[in-house]
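K.L.:
Mind having a look at this structure? Questions to follow.
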Amino acid sequence: MPHTASPFRYPGGKTQLYSFVHHLLEINNSTDIYIEPFAGGAGIPIKLLANDQINYVWINDYDKAIYSVWDNILNKPDELISLIQSVPFDYYSGHEISADFSISFWKRQKQVYLENKNHQHSIELAFSTLFLNRTNTSGIITADPLGGLQQKSQTQIYVRFNKKTLIDKINFIYSVRNRIKLTRLNALDMIPKIRTTVDPQDSFIFFDPPYFAQGKNLYYSSFNESGHANLAKEILALTNYKWITTYDTASQINENYKVAAKRFEYYLNYSANNKRRGKSLEYMFASPITKINSFDKVNLSRLPE
Numbered sequence: 054m055p056h057t058a059s060p061f062r063y064p065g066g067k068t069q070l071y072s073f074v075h076h077l078l079e080i081n082n083s084t085d086i087y088i089e090p091f092a093g094g095a096g097i098p099i100k101l102l103a104n105d106q107i108n109y110v111w112i113n114d115y116d117k118a119i120y121s122v123w124d125n126i127l128n129k130p131d132e133l134i135s136l137i138q139s140v141p142f143d144y145y146s147g148h149e150i151s152a153d154f155s156i157s158f159w160k161r162q163k164q165v166y167l168e169n170k171n172h173q174h175s176i177e178l179a180f181s182t183l184f185l186n187r188t189n190t191s192g193i194i195t196a197d198p199l200g201g202l203q204q205k206s207q208t209q210i211y212v213r214f215n216k217k218t219l220i221d222k223i224n225f226i227y228s229v230r231n232r233i234k235l236t237r238l239n240a241l242d243m244i245p246k247i248r249t250t251v252d253p254q255d256s257f258i259f260f261d262p263p264y265f266a267q268g269k270n271l272y273y274s275s276f277n278e279s280g281h282a283n284l285a286k287e288i289l290a291l292t293n294y295k296w297i298t299t300y301d302t303a304s305q306i307n308e309n310y311k312v313a314a315k316r317f318e319y320y321l322n323y324s325a326n327n328k329r330r331g332k333s334l335e336y337m338f339a340s341p342i343t344k345i346n347s348f349d350k351v352n353l354s355r356l357p358e
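Each residue of the sequence shown is one higher than the one before, starting from 54 at the first, in this note's numbering.
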């Protein structure tokens with residue numbers, strides 16, 4: 054498998070926490086089911102399956118466009134692969150295609166996306182979403198294409214569109230489809246289902262909600278301030294489950310988790326929507342029963358009481 058097992062390029066970059074999360078699964082003896090209620094590109098759960106480090110994963114995303122990609126990978130991979138093969142450029146041959154032709158194709162897919170973004174099972178929505186994610190700046194669906202609409206920069210639209218790699222990833226995910234549960238639920242509705250269907254003894258949950266400050270700019274499915282507070286109450290009520298939650302460092306978020314969670318801050322590398330790579334200070338919260346410590350590139354610092 055490639056270095057990243059997900060077919061997405063996704064803002065936030067939480068896949069870089071893979072080694073840290075795998076470490077948490079090991080020290081918490083959680084080897085049966087791994088759950089992400091805000092899965093997005095699902096880089097960590099798919100890589101855990103690729104390395105055979107978990108039995109099952111439950112991935113959930115409320116965004117209809119993101120859900121459509123996963124739904125079609127698991128149920129109609131051949132149709133999705135056929136559409137990928139129809140793209141008139143890729144990493145290896147992109148320089149042979151005229152910029153006007155490339156951008157014309159990109160504009161058609163942007164229009165398809167806008168026309169179908171509410172059709173959650175649509176193969177057209179799935180392909181346009183994946184195509185825009187692969188060819189847009191930082192993988193952000195609403196952004197302009199890599200290299201800009203004029204294709205004047207050194208970076209061109211095709212540099213992140215490698216057909217063979219994409220198809221290999223889709224085929225792998227389809228091959229382990231019986232170990233993947235996919236849902237499209239609001240997280241506030243999903244948490245009660247976790248309580249009634251998932252054994253807390255051998256499971257682990259990673260909550261990665263949209264950022265408090267910038268989520269509305271990166272995700273269509275986001276929360277307002279009261280929504281973040283309600284989500285915190287539901288997460289904190291999972292007292293007998295092992296979970297972590299990551300967030301940007303908004304004071305309101307720290308207050309939401311102050312009473313009943315282990316609270317840390319750590320640095321995360323970022324590149325989404327930024328001209329230069331850098332580091333972002335973020336919060337990480339954990340349930341009282343979760344064993345957690347610094348590991349690999351994640352250096353946790355306890356927040357003051």
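Even glycine gets a Cβ: it sits at the ideal position worked out from N, Cα and C.
Would you kindly work out how many angstroms separate the C-alpha atoms of Leu185 and His75, rounded to a whole number?
P.N.:
Going by the C-alpha atoms only, they are around 30 Å apart.
K.L.:
For Lys269, name the three-state secondary structure that DSSP assigns.
P.N.:
With a pLDDT of only 48 at Lys269, under 50, the local geometry of the prediction cannot be trusted, and no value is derived from it.
K.L.:
Could you tell me which residues DSSP puts in a beta bridge with Arg355?
P.N.:
According to DSSP, which records beta bridges pairwise, Arg355 is partnered with Phe317.
K.L.:
So, for Ser72: in the same chain, excluding its five sequence neighbours on each side, which residues have a beta-carbon less than 6 Å away from its beta-carbon?
P.N.:
Asp349, listed in sequence order.
K.L.:
For Thr250 and Ile244, what's the separation of their Cα atoms in angstroms?
P.N.:
Roughly 10 Å between the two C-alpha positions.
K.L.:
Figure out for me which residue from Phe91, Pro98 and Asp124 has the closest Cα to the Cα of Asp85.
P.N.:
Comparing Cα positions, the closest option is Pro98.
K.L.:
DSSP three-state label for Leu238, please.
P.N.:
Looking at Leu238 - three-state DSSP - the assignment turns out to be coil, as it is neither helix nor strand.
K.L.:
What did DSSP end up calling Ser59 once you bin it into helix, strand or coil?
P.N.:
Looking at Ser59 - three-state DSSP - the assignment turns out to be coil, as it is neither helix nor strand.
K.L.:
In three-state terms, what does DSSP make of Thr299?
P.N.:
The answer is strand: DSSP assigns Thr299 an E or B state.
K.L.:
In the DSSP assignment, what are the bridge partners of Ala339?
P.N.:
BP columns for Ala339 point to Ile297 and Lys315.
K.L.:
Can you give the beta carbon distance from Asn113 to Leu238, rounded, assuming they're within the 8 Å contact cut?
P.N.:
Correct: roughly 6 Å between the Cβ atoms.
K.L.:
So what does DSSP say about Asn189, is it helix, strand or coil?
P.N.:
In this structure, Asn189 counts as strand in the three-state DSSP scheme.
K.L.:
Nearest-angstrom Cα distance between Ser181 and Lys163?
P.N.:
Each residue's alpha carbon lies about 7 Å from the other.
K.L.:
Would you say the region 285-300 touches the region 253-268, given that touching needs at least three Cβ pairs under 8 Å?
P.N.:
Enough Cβ pairs lie closer than 8 Å, so yes.
K.L.:
From which residue to which residue does the alpha helix (DSSP H) around Asn309 run?
P.N.:
Its alpha helix (DSSP H) spans residues Ser304 to Asn309.
K.L.:
Taking C-alpha atoms, which residue in Pro60, Ser139, Lys67 and Ala58 lies nearest to Asp301?
P.N.:
Ranking the options by Cα distance to Asp301, first place goes to Lys67.
K.L.:
Nearest-angstrom Cα distance between Tyr319 and Gly201?
P.N.:
Cα to Cα, the separation comes out at about 33 Å.
K.L.:
Pro60 to Ile194, Cα distance in whole Å?
P.N.:
Each residue's Cα considered, the two are about 14 Å apart.
K.L.:
Enumerate in chain order the residues of its own chain whose CB-to-CB distance from Val122 is below 6 Å, with the five nearest sequence positions on each side excluded.
P.N.:
Result list for Val122: Ala179, Thr182 and Leu183, in chain order.
K.L.:
Classify Asp332 as helix, strand or coil using the three-state DSSP reduction.
P.N.:
In the sequence as presented, Asp is not what sits at residue 332; that position holds Lys. Three-state DSSP puts Lys332 in a strand.
K.L.:
Less than 9 Å between the beta carbons of Thr299 and Phe265, yes or no?
P.N.:
No, the pair does not count as a contact, with Cβ atoms beyond the cut-off.
K.L.:
On a CA-only basis, which of Lys222, Thr236 and Lys160 is nearest Asp197? Give me that one, please.
P.N.:
Nearest C-alpha to Asp197: Lys160.
K.L.:
Run through the region 117-188 for me and flag every whole beta strand (DSSP E) of 3 or more residues, listed as ranges in chain order.
P.N.:
Counting whole runs of 3 or more residues, the region 117-188 contains no beta strand (DSSP E) stretch at all.
K.L.:
Look up Ile107 in the DSSP assignment and say whether it is helix, strand or coil.
P.N.:
If DSSP states are grouped into helix, strand and coil, Ile107 belongs with coil.
K.L.:
Applying the 10 Å Cβ sphere with the 16-neighbour rule, what's the burial state of Asn189?
P.N.:
Buried: at least 16 other Cβ atoms inside 10 Å.
K.L.:
Return the CA-CA distance between Arg232 and Ile156, expressed in angstroms with no decimal places.
P.N.:
Roughly 38 Å separates the two Cα atoms.
K.L.:
Assign Asn113 to one of three DSSP states: helix, strand, or coil.
P.N.:
The answer is strand: DSSP assigns Asn113 an E or B state.
K.L.:
Nearest by alpha-carbon distance to Val212: which of Phe142, Pro357 and Gln106 is it?
P.N.:
Among Phe142, Pro357 and Gln106, the Cα nearest to that of Val212 is on Phe142.
K.L.:
Name the DSSP bridge partner or partners of Pro416?
P.N.:
No answer is possible for residue 416: the residues shown for the chain start at 54 and end at 358.
K.L.:
Go to Ile220, then tell me how far its alpha helix (DSSP H) extends in each direction, as first and last residue.
P.N.:
First-last of the alpha helix (DSSP H) with Ile220: Lys216 to Ser228.
K.L.:
Run the CB neighbour count on Gln207, radius 10 Å, all protein chains shown included, and call it buried at 16 or more, exposed below.
P.N.:
It is exposed - the Cβ of Gln207 has fewer than 16 other Cβ atoms within 10 Å.
K.L.:
Hey, out of Glu278, Asn322 and Asn283, whose CA is closest to Ser304's CA?
P.N.:
For the residues Glu278, Asn322 and Asn283, the minimum Cα distance to Ser304 belongs to Glu278.
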